[in-house]
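There are 2 protein chains.
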Amino acid sequence: MDSRTSNSSYPTALAPSAEISSQPGTVISRPVELPAGARSLEVLCAKCKLRETCLSGGLPAEDLARVENIVFARRRVKRNEHLFDAGDEFRCIYAVLTGFFKTSLGDSEGRDQVTGFFMDGELLGMDGLGSGCYKDSAIALEDSDVCAMPYSLIEGVARQVPSLQHRLHAVLAREIVRGHGIMMLLGSMSAEERLAAFLINLSKRLLQRGYSGSSFVLRMTRDEIGSYLGLKLETVSRLFSAFHRDGLIEVQQKQVSIVDIKGLERLLAPRN
Amino acid sequence: MDSRTSNSSYPTALAPSAEISSQPGTVISRPVELPAGARSLEVLCAKCKLRETCLSGGLPAEDLARVENIVFARRRVKRNEHLFDAGDEFRCIYAVLTGFFKTSLGDSEGRDQVTGFFMDGELLGMDGLGSGCYKDSAIALEDSDVCAMPYSLIEGVARQVPSLQHRLHAVLAREIVRGHGIMMLLGSMSAEERLAAFLINLSKRLLQRGYSGSSFVLRMTRDEIGSYLGLKLETVSRLFSAFHRDGLIEVQQKQVSIVDIKGLERLLAPRN
DNA sequence: CGAGGTGTTGAGATTTGTCAACCTACGTGG
DNA sequence: CCACGTAGGTTGACAAATCTCAACACCTCG
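Residue numbers (our numbering), protein chains in the order written: chain H, 542 to 813; chain U, 542 to 813.
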């Protein structure tokens, strides 16, 4: 069973998406084909609780109907399945409906870097824009559902709906800024500061989504956290233990409770 | 005198821009005001040698004229001047015509991180899109000229010229991908590998622009390189010396010659 | 119930940072 | 045009942070 459901701090807020057909046969693990004109009638951005972070966020009601035409289909992605891989042809931007993803980047020398973790409402695949193929891989860390938004449709609607055009630019810029934040994290912060920042960020994003920000289950391994933070898994593990010892958090494997968020925040401000 | 001109490897290829008025009085160091309709008649993307990396890159000839309307004005930025600062109202995306910039990001705790170096043809300010203000600061590392492209105009033209819309998305995505590359650099590479990657990258970009890729003058200090690479300036300095000792490069202060590019590339591939 | 993936912890090695001294180059102003 | 001041660069000795290797514990899933 999905470990999320064993954590009482997660509400079942996303029930609507439970109607998605989940028979194995309908699971499409490579980019969907796009029979022009077809689309899932179940998708209604106007009723989606995740709209604020998603592409439709902040759009005036009168434009929403147009934008809903973009959402071609939902797609179920099982744990460890790849939503897309680096090098796959770029067709869609995806919005996470439920679940949790990592994106990672490999280089020719065998290095592997986790470039982000994505939860409900967040967008995946924007790096594929313009070049024809995705530059990193998106992998589900738990069974997940996504909305697939074909770029060909986004382009067309964006030309006709300025609010969407503007919004698209905003989410692209947000991704650029996110990158800059990680550069600061990796370039200017100690291991301790990085992990504190990571936990605080995770906590905030969970809270925004109506989950508990103080008690949650990590969806990723120590190794994945380490890759993301530029640390070895042992260092991450030791820091979890140290934070626990110092009364900042409770940890037991993937279950984390933040006991003293102020204390974590103080770790980020050693200067002054 | 500008140190670039003392380096014979730099051609004077960008002569046309030398006509820009450079009396102190015309130097505008804050974002230009935008008297609607006005624009510099000297700007002709069609004739610009930097078009390939710039916003107008790859556009069909018939669309270029429309796009040229976007370029509102050139602006001269003196060494150490700020093209924009984090928090300034976002109005324009800038293309570097001549010169060299760094972008850097400060946080509330006084950390400071260089997020990029930008040379001719490269674009600055895209992180300001959507949020109304720039998120980082752009500082000229030598006297520079930029093209200012007001976002309000870009938006309008992009709606009417699909090729520009597509191109805009592509350059935004390119910036996202650049960020991912730096994450890999900072998260997965040793100090030695980072500096080697930095030099190789610089060399490639200079070569693309018709400069020498093997002999060049660094525009930034060791401290700025260090910030960008997540290293201390002493470490950067030691590595330069070590590369010199190993016969990979010649260094004397800011003057660098790459002697053995293959050797540098080998440093990036220690695995195998 | 066993296997394999994941997490923890220790000891010691290595890399990188810190502090300090000194050197070099460049721009400014006399 | 030179002298000086200052920012930037180099190098050494040492300290500290992080990694490596290794052993073992835990947990989940089949």
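We put the beta carbon where it would ideally sit given N, CA and C, even for glycine.
Owing to the predicted nature of the structure, the values given are computational and were not obtained by experimental measurement.
Against Glu696/U, the close residues of chain H are Pro703, Gln706, His707, His710, in the order they occur along the chain (beta-carbon pairs closer than 9 Å).
It is roughly 48 Å from the alpha-carbon of Arg750/U to the alpha-carbon of Phe781/H. No residue range can be given for Ile611/H, since it is assigned to no beta strand (DSSP E) and is classified by DSSP as neither H nor E. Note on geometry: alpha-carbon atoms of Met667/U and Leu713/U lie some 7 Å from one another. Within the same chain, Cβ atoms closer than 6 Å to the Cβ of Arg763/H are found at Leu774, Val777, Ser778, the five residues on either side in sequence being excluded. A Cβ-Cβ distance of about 5 Å is found for the pair Thr656/U and Met724/H, placing them in contact under the 8 Å criterion. For Gln654/H, the C-beta contacts it makes with chain U under 8 Å involve His721, Met724, Met725, Gly728, Ser729, in order along the chain. Within 9 Å of the CB of Ala810/U, the CB atoms of chain H belong to Ser649, Glu650, Gly651, in sequence order along the chain.
One thing to note: Thr644/U has its Cβ within 7 Å of the Cβ of Ala679/U. Look at the beta carbons and you see the region 672–691 of chain H touching the region 621–639 of chain H: at least three pairs across the two are nearer than 8 Å. The closest CA to that of Arg760/H, considering only Phe658/H, His721/H, Leu596/H, Leu585/H, is found on Phe658/H. For Asn610/U, the closest of Gly673/U, Tyr675/U, Leu665/U, Gln701/U by C-alpha to C-alpha distance is Gln701/U.
Listed along chain H are Ala699, Arg700, Gln701, Pro703, Gln706, each with a C-beta nearer than 9 Å to that of Arg700/U. Assignment of Ala738/H by DSSP, reduced to helix, strand and coil, places it in the helix class. Excluding residues up to 5 positions away in sequence, Ser678, Ile680 lie with their Cβ nearer than 6 Å to the Cβ of His623/U in the same chain. Of the residues Arg807/H, Arg715/H, Glu630/H, Gly697/H, the one whose Cα lies closest to the Cα of Gly673/H is Glu630/H.
For Gln654/H, the closest alpha carbon among the candidates Gly697/U, Leu726/U, Cys586/U is that of Leu726/U. At least 7 Å separates the CB of Glu593/U from every CB of chain H. Secondary structure note for Glu765/H: it is in no beta strand (DSSP E), and the uninterrupted alpha helix (DSSP H) holding it is 763–770. Of all residues in the region 591–623 of chain H, none has a C-beta nearer than 9 Å to a C-beta of chain U. The C-beta of Gly662/U comes no closer than 7 Å to any C-beta of chain H.
Think of a sphere of 7 Å around the beta carbon of Glu716/U: the chain H residues whose beta carbon falls inside it are Ile717, in chain order. For Val758/U and Gln794/U, the gap between their C-alpha atoms comes out near 9 Å. Listed in chain order, the positions of the region 670–688 of chain U with a beta carbon within less than 8 Å of a beta carbon of chain H are Leu670, Gly671, Ser672, Lys676, Asp677. In the structure shown, the three-state DSSP call for Tyr635/H is strand. Sequence-ordered contacts of the region 767–797 of chain H with chain U read Ser768, Tyr769, Leu770, Gly771 [C-beta pairs closer than 8 Å]. For Asp668/H, the nearest CB of chain U lies under 7 Å from its own CB, placing it at the interface with that chain.
For Val698/U, the enclosing alpha helix (DSSP H) covers residues 692–701. Spanning the alpha carbons of Glu765/H and Asn742/H requires a straight line of approximately 16 Å. By the 16-neighbour rule on beta-carbons within 10 angstroms, Gly651/U is exposed. For Asp661/H, the number of other beta carbons within 10 angstroms of its own is at least 16, and it is reported as buried.
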